[in-house]
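Everything on this sheet refers to the single structure shown next.
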Amino acid sequence: MSTSDIAARGIEFFGFIDGAYKNVPWAGERKSNYIDLTNKYYDPIEGQRALSNQLDVLEDLEEYGFDGAVFSEQHNGPIGLGANPMLAGAWLAARTNRMKIVVNGPIINAYQSPVRLAEEIAILDTMTKGRLVFGLPMGHGMQHHSIGINPATARARMAEAHDLLYAALYNDGPFEWKGDFFNIPYVNIWPRPTHKIETILPGGGSLETLQRAAKYRYCYQNALSPRASMVKTMERFRELCREEGYEPTPTQSAALFTVHVAETDAQARREVEELELWNYQNFFRSPGHDNFPPGYVSAASVRAMRGGGYRSTPVHELKYDELLENHWLIAGSPETVTRMLTESIEELGIGRALLGFTTGIKPKWLTDKSISLFAEEVMPKFRADKGKPLVTQEDMTGYRTASEYAALRRPGAHPPTAEVNGVLKDVSRSYLPDAEQ
Amino acid sequence: MAAPTDAFATRTWETWTEPTIVDVNGIPTAYRRQGSGPTVVYLHGERGTRAWLPIYAKLAENFDVIVPEHPGYGDTPLGEGFSTWQDWILHYEAFFRTLELGEFHLVGDAFGSWLAANLAIYYPDRFASLTLITPMGLRLKDVTSVDVFRLEDDEVNEIFFNGRRDKVKHLLEQENELEDYLQAYQEFGSYALLAWNPRYDIKLDSRLTHVLAPTVVVGVDEDRAVSNEMAKRFADLIPAAELKVVHGPAGQPSGHHVTFEQPNEVAAVIADHVSKNS
Numbered sequence: 003m004s005t006s007d008i009a010a011r012g013i014e015f016f017g018f019i020d021g022a023y024k025n026v027p028w029a030g031e032r033k034s035n036y037i038d039l040t041n042k043y044y045d046p047i048e049g050q051r052a053l054s055n056q057l058d059v060l061e062d063l064e065e066y067g068f069d070g071a072v073f074s075e076q077h078n079g080p081i082g083l084g085a086n087p088m089l090a091g092a093w094l095a096a097r098t099n100r101m102k103i104v105v106n107g108p109i110i111n112a113y114q115s116p117v118r119l120a121e122e123i124a125i126l127d128t129m130t131k132g133r134l135v136f137g138l139p140m141g142h143g144m145q146h147h148s149i150g151i152n153p154a155t156a157r158a159r160m161a162e163a164h165d166l167l168y169a170a171l172y173n174d175g176p177f178e179w180k181g182d183f184f185n186i187p188y189v190n191i192w193p194r195p196t197h198k199i200e201t202i203l204p205g206g207g208s209l210e211t212l213q214r215a216a217k218y219r220y221c222y223q224n225a226l227s228p229r230a231s232m233v234k235t236m237e238r239f240r241e242l243c244r245e246e247g248y249e250p251t252p253t254q255s256a257a258l259f260t261v262h263v264a265e266t267d268a269q270a271r272r273e274v275e276e277l278e279l280w281n282y283q284n285f286f287r288s289p290g291h292d293n294f295p296p297g298y299v300s301a302a303s304v305r306a307m308r309g310g311g312y313r314s315t316p317v318h319e320l321k322y323d324e325l326l327e328n329h330w331l332i333a334g335s336p337e338t339v340t341r342m343l344t345e346s347i348e349e350l351g352i353g354r355a356l357l358g359f360t361t362g363i364k365p366k367w368l369t370d371k372s373i374s375l376f377a378e379e380v381m382p383k384f385r386a387d388k389g390k391p392l393v394t395q396e397d398m399t400g401y402r403t404a405s406e407y408a409a410l411r412r413p414g415a416h417p418p419t420a421e422v423n424g425v426l427k428d429v430s431r432s433y434l435p436d437a438e439q
Numbered sequence: 023m024a025a026p027t028d029a030f031a032t033r034t035w036e037t038w039t040e041p042t043i044v045d046v047n048g049i050p051t052a053y054r055r056q057g058s059g060p061t062v063v064y065l066h067g068e069r070g071t072r073a074w075l076p077i078y079a080k081l082a083e084n085f086d087v088i089v090p091e092h093p094g095y096g097d098t099p100l101g102e103g104f105s106t107w108q109d110w111i112l113h114y115e116a117f118f119r120t121l122e123l124g125e126f127h128l129v130g131d132a133f134g135s136w137l138a139a140n141l142a143i144y145y146p147d148r149f150a151s152l153t154l155i156t157p158m159g160l161r162l163k164d165v166t167s168v169d170v171f172r173l174e175d176d177e178v179n180e181i182f183f184n185g186r187r188d189k190v191k192h193l194l195e196q197e198n199e200l201e202d203y204l205q206a207y208q209e210f211g212s213y214a215l216l217a218w219n220p221r222y223d224i225k226l227d228s229r230l231t232h233v234l235a236p237t238v239v240v241g242v243d244e245d246r247a248v249s250n251e252m253a254k255r256f257a258d259l260i261p262a263a264e265l266k267v268v269h270g271p272a273g274q275p276s277g278h279h280v281t282f283e284q285p286n287e288v289a290a291v292i293a294d295h296v297s298k299n300s
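As given, the protein sequences belong to chains A and B, one line each in that order. Its first residue numbered 3, the first sequence is counted upward by one per residue in the working numbering. Its first residue numbered 23, the second sequence is counted upward by one per residue in the working numbering.
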């Protein structure tokens, strides 16, 4: 498969930008930087810098020509400062016009009620005119230690929360929800979403997640699994979609890669080898009891992990060449990055690539340089229509002008009414003399 | 119900004995029973399933000792939908009924004492006596909690065994490292259902005053898991309860898992209490 074949089929590129606070001790000297590293290390000025850099790069992705901007939810540590990614989504909604805003995502179990999340999603969908895409990650093991979610019931709670969220977003209200975890007499959200919002389920290959993504026609996003198992997982996902009776769209298959582009392979290595080691030794490092708190995964999964199957090398021991070999890191000259991306897109059969340009460890100028090279020397090869992102071919929802508002609004809307002198009256024109109302 | 003997073919470790399996409201419940005399039901702690431990053997010299495995522990599966203390408490009430137990004495070991205390609260007339060994479950606002869900292996040794786990490892090691880890992970998942959040029961303070059974609380020199204050507070709250501290040898302060390290001394305290109330 060549880049033009991929361009003809279509590939969406989402830039994934995290905002780690990097001025912290090496995680190897302690259990983990995810849960209980004291926030005395937090300097508000440095924190502002980390957050600003993240938001600025996310905003710039639109001008670079990406289809979307992705960011995640993190808690209790320097790994990321986006404790509520919906806030960053609102910020981006106001500062961009066309690209998709991919909140990946709200951890639904961190919400007391999924109805609250449904409300936030509907607001952001309205604000973005349909550009919102949201992910529903389970939340990694460390999150359960950080915010008190019981890992032993988290999967069951999340399954019900998803079903309630879906019903709240798309069913007419009010309706009563009688679940194991939630009992809400009146589910009835205002505002409502403008359309069926694209949803991503990130996963590591668990059958339950694959089945849910297939059933609801969601996008399934794979990451941080061995290359061969990612290939099998994505194929399995598409089989499950077919079992549901439909052929999945290319954009339903997604994968996440870390990407860095420089002038040459050697220059890319010089620029990011040690920064990537920082990522894997700090950003991704956590001991087993933090990653997999009790009940968080099945005994069969633990057996596979401890028995030498899934991800048998601890991530913090991975080296640059291993990262390149399994395509967790796609780095090098524009030619090398193009070749590696082509290989991965082809073998995984994906129509959507999430490209992690920084966790926050890179200086901003280096992130900008890498993204700029990607945008000008890699991305156009995968674009069929004069370098334009796929997203420009999609309709947005809502209106942009007063004229569109007037043309599009629902006819026969109920007039705002008040009782005046014993008579029900349309108050929308009450500022006019009676004869002209 | 017949015991699934084939499934036990690989169980050759030192402490293994085959349990009896009895149906309790649909839950095949594993238990071990030995000895004769007054009946003592012993609720195990965080560790020590799939085993007949020295403290059980010592007690069985004088008593009819019954050691069930909690739902979600050992060879007793988690009941369908089990998620709250009430599920475990009702299970035990049904277990006692299934075994047609008349008058009997209840002993709880560490986590098992949290269960035992609840049983004694909800069924105050049911037990001839109650013994709680290094109990847990109260909210102690002035004590810094140990996060038992985030302990490295060496910390487990320091906190639960006061650094002396090697001396009792023959009681803890079973099939192999992987299988033992998997068993512990599953049991820890059952524990998490009850004690991940909150990690205490704010109602225990007031409810312990409902306990009518004559009670002994067994404390230790240095309970690094839940603090010495925990046993004292249980003894203060349960009407007429007596606190008895089982001391370790000189220079080796007794710890949370005293039943593994000093089974004879703990068994002597239980035996004394049971005999007085039989």
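We treat Cβ as the ideally placed atom computed from N, Cα and C, and that holds for glycine.
Check your understanding: Listing by chain order, which chain B residues have their CB less than 8 Å from the CB of A:T361?
Key -> Taking the first sequence and counting its residues from 1, the one referred to as residue 361 of chain A is at position 359. Neighbours of A:T361 on chain B: none; closest Cβ ~24 Å, over 8 Å.
Exercise for review: Give a yes or no on whether the minimum CB-CB distance between A:A10 and chain B is below 9 Å.
Suggested key: Here residue 10 of chain A refers to the residue found at position 8 when the first sequence is read from its first residue. It does not; no Cβ of chain B falls within 9 Å.
Review point. Since A:T201 is in the beta strand (DSSP E), which residue starts that stretch and which ends it?
Key: Counting from 1 along the first sequence, the entry for residue 201 of chain A is found at position 199. From DSSP, the beta strand (DSSP E) with A:T201 extends over 200-205.
Point to revise | A:T344 versus A:P417: straight-line alpha-carbon distance, rounded | key: Residue mapping note: residue 344 of chain A aligns to position 342 of the first sequence, counting from 1. Residue mapping note: residue 417 of chain A aligns to position 415 of the first sequence, counting from 1. Straight-line Cα distance between these residues: approximately 56 Å.
Check your understanding: Under a three-way DSSP split, which group does B:S249 fall into?
Key -> For the purposes of this step, residue 249 of chain B is taken as the residue at position 227 of the second sequence. Coil at B:S249, not helix or strand.
Review point. B:A214 versus chain A: which residues are under 8 Å apart at the beta carbon?
Key: Residue numbering aside, residue 214 of chain B sits at position 192 when the second sequence is read from its first letter. By Cβ distance, chain A contributes N152, P153, A154, P295, P296, G297.
Practice item. Could you pull out every unbroken alpha helix (DSSP H) segment of at least 4 residues lying fully inside the stretch 203-263 of chain A, listed in chain order? Key: Uninterrupted alpha helix (DSSP H) stretches at least 4 residues long and entirely within the stretch 203-263 of chain A occur at 209-218, 229-245, given in chain order.
Review point. Quick one: does the C-beta of A:I332 sit closer than 8 Å to a heavy atom of the ligand ATP?
Key: In the structure shown, the ligand ATP is absent, as is every other ligand, since no ligand is present at all.
Review point. Using 9 Å as the limit for Cβ to Cβ distance, is A:I202 near chain B?
Key: Here residue 202 of chain A refers to the residue found at position 200 of the first sequence. False, the Cβ-Cβ gap to chain B never drops below 9 Å.
Check your understanding: Using 8 Å as the Cβ pair cut-off and three pairs as the minimum, do the stretch 322-332 of chain A and the stretch 257-264 of chain A touch?
Key -> Segments in contact, yes.
Check your understanding: Looking only at C-alpha atoms, which of A:R287, A:A355, A:K390 sits nearest to A:G30?
Key -> Position 28 of the first sequence, counting from 1, holds the residue named residue 30 of chain A. Minimum Cα distance to A:G30 is reached at A:R287.
**Study point:** Close-in-space but distant-in-sequence residues of the same chain around A:E317 (CB under 8 Å, 5 per side omitted)
**Key:** On the first sequence, position 315 is the one that residue 317 of chain A refers to. What sits at residue 317 of chain A in the sequence shown is Val, not Glu. The beta carbon of A:V317 lies closer than 8 Å to those of L226, Y282, F286, R287 in the same chain, with the five residues before and after it left out.
Check your understanding: Applying the criterion that 16 or more other CB atoms from any shown protein chain within 10 Å of the CB defines a buried residue, is A:K33 buried or exposed?
Key -> Stepping through the first sequence from its first residue, residue 33 of chain A is reached at position 31. The residue is buried, with at least 16 neighbouring Cβ atoms inside 10 Å.
Point to revise | Closer than 8 Å at the beta carbon, the chain B residues around A:P316 | key: If you number the first sequence from 1, residue 316 of chain A lands on position 314. Simply none; closest approach about 15 Å.
Practice item. Could you round the C-beta distance between B:V63 and B:I88 to whole angstroms and report it? I think they count as a contact, below 8 Å. Key: As a working mapping, residue 63 of chain B is identified with position 41 in the second sequence. As a working mapping, residue 88 of chain B is identified with position 66 in the second sequence. At roughly 5 Å, the Cβ-Cβ gap stays under 8 Å, so B:V63 and B:I88 are in contact.
Review point. Within 10 angstroms of its Cβ, does A:S405 collect 16 or more other Cβ (buried), or is it exposed?
Key: Position 403 of the first sequence, counted from the first residue, corresponds to residue 405 of chain A. By the 10 Å Cβ count, A:S405 comes out exposed.
Check your understanding: Does the beta carbon of A:P289 come closer than 9 Å to any beta carbon on chain B?
Key -> The residue labelled residue 289 of chain A in the question sits at position 287 within the first sequence. So yes, A:P289 belongs to the interface.
Practice item. Take B:F118 and list the residues in its own chain whose beta-carbon comes closer than 8 Å to its own, dropping the five residues that flank it on each side. Key: The residue given as residue 118 of chain B occupies position 96 in the second sequence. Excluding positions up to five away in sequence, the list reads V63, F126, R148.
Point to revise | Supposed contact pair B:A217 and B:V168 - C-beta distance, whole angstroms, cut 8 Å | key: Counted from its first residue, the second sequence places residue 168 of chain B at position 146. Counted from its first residue, the second sequence places residue 217 of chain B at position 195. In fact, because the Cβ distance is near 12 Å, the residues do not count as touching under 8 Å.
**Study point:** Beta-bridge partners of A:G2, as assigned by DSSP
**Key:** Because chain A spans 3 through 439 in this model, residue 2 of chain A falls outside it and cannot be assessed.
Exercise for review: In angstroms with no decimal places, state the Cα-to-Cα distance between B:D175 and A:V117.
Suggested key: One-based indexing of the second sequence puts residue 175 of chain B at position 153. One-based indexing of the first sequence puts residue 117 of chain A at position 115. Straight-line Cα distance between these residues: approximately 41 Å.
**Study point:** CB contact flag (A:D443, A:G132, <9 Å)
**Key:** What is shown of chain A runs 3 to 439, which leaves residue 443 of chain A out entirely.
Check your understanding: Using the C-alpha atoms, what's the distance from A:G70 back to A:G91?
Key -> The residue you call residue 91 of chain A lines up with position 89 of the first sequence. The residue you call residue 70 of chain A lines up with position 68 of the first sequence. Taking the straight line joining both Cα atoms gives about 12 Å.
Review point. Where DSSP assigns a beta bridge to B:D131, which residues make up the other side?
Key: Looking up residue 131 of chain B in the second sequence gives position 109. B:I155, per the DSSP bridge assignment.
Practice item. Following the continuous alpha helix (DSSP H) through A:R97, name the residue where it begins and the one where it ends. Key: Counted from its first residue, the first sequence places residue 97 of chain A at position 95. That run of the alpha helix (DSSP H) goes 87-97.
Check your understanding: According to the Cβ coordinates, are B:D227 and B:R161 closer than 9 Å?
Key -> On the second sequence, residue 227 of chain B is found 205 positions in, with the first residue counted as 1. On the second sequence, residue 161 of chain B is found 139 positions in, with the first residue counted as 1. Contact flag set, yes.
**Study point:** 9 Å Cβ cutoff met for B:V288 and B:A263
**Key:** Here residue 288 of chain B corresponds to residue number 266 of the second sequence, with the count starting at 1. Here residue 263 of chain B corresponds to residue number 241 of the second sequence, with the count starting at 1. Against a cut-off of 9 Å, the Cβ pair of B:A263 and B:V288 comes out as no contact.
Point to revise | Within 9 Å, strictly: CB atoms of A:R157 and A:E75 | key: The sequence position of residue 157 of chain A within the first sequence is 155, counting from 1. The sequence position of residue 75 of chain A within the first sequence is 73, counting from 1. No, the Cβ-Cβ distance between A:R157 and A:E75 is not below 9 Å.
Practice item. Taking the CB atoms as reference points, tell me whether B:N299 and B:A142 lie closer together than 9 Å. Key: For the purposes of this step, residue 299 of chain B is taken as residue 277 along the second sequence, with counting starting at 1. For the purposes of this step, residue 142 of chain B is taken as residue 120 along the second sequence, with counting starting at 1. Contact flag unset, no.
**Study point:** First and last residue of the uninterrupted beta strand (DSSP E) at A:N185
**Key:** Here residue 185 of chain A refers to the residue found at position 183 when the first sequence is read from its first residue. Element bounds for A:N185: 185-189.
Check your understanding: In chain B, what lies closer than 8 Å to A:A301 by C-beta?
Key -> Residue numbering aside, residue 301 of chain A sits at position 299 when the first sequence is read from its first letter. Chain-order list of chain B residues neighbouring A:A301: L204, Y207, Q208, by C-beta distance under 8 Å.
Practice item. State whether the stretch 371-380 of chain A contacts the stretch 37-48 of chain A, with contact taken as three or more CB pairs (one from each stretch) at a distance under 8 Å. Key: Taking 8 Å as the limit for Cβ pairs, the verdict is that the stretch 37-48 of chain A does not touch the stretch 371-380 of chain A.
Practice item. Give a yes or no on whether the minimum CB-CB distance between B:W218 and chain A is below 9 Å. Key: Here residue 218 of chain B is taken as the residue at index 196 of the second sequence, counted from 1. Yes, contact with chain A.
Check your understanding: Quick one: what does DSSP say B:E125 is sitting in, helix, strand or coil?
Key -> By one-based count along the second sequence, residue 125 of chain B stands at place 103. B:E125 falls in the coil class under three-state DSSP.
Review point. Excluding sequence positions up to five away, which residues of its chain have a Cβ less than 7 Å from the Cβ of A:R229?
Key: Numbered from its first residue, the first sequence carries residue 229 of chain A at position 227. Leaving aside the five residues that flank A:R229 on each side, the residues in its chain whose CB is nearer than 7 Å to its CB run, in chain order, N328, H329.
Exercise for review: Would you identify the three-state DSSP class for B:K266, choosing helix, strand or coil?
Suggested key: To locate residue 266 of chain B, count along the second sequence from 1; it is residue 244. Strand, per DSSP.
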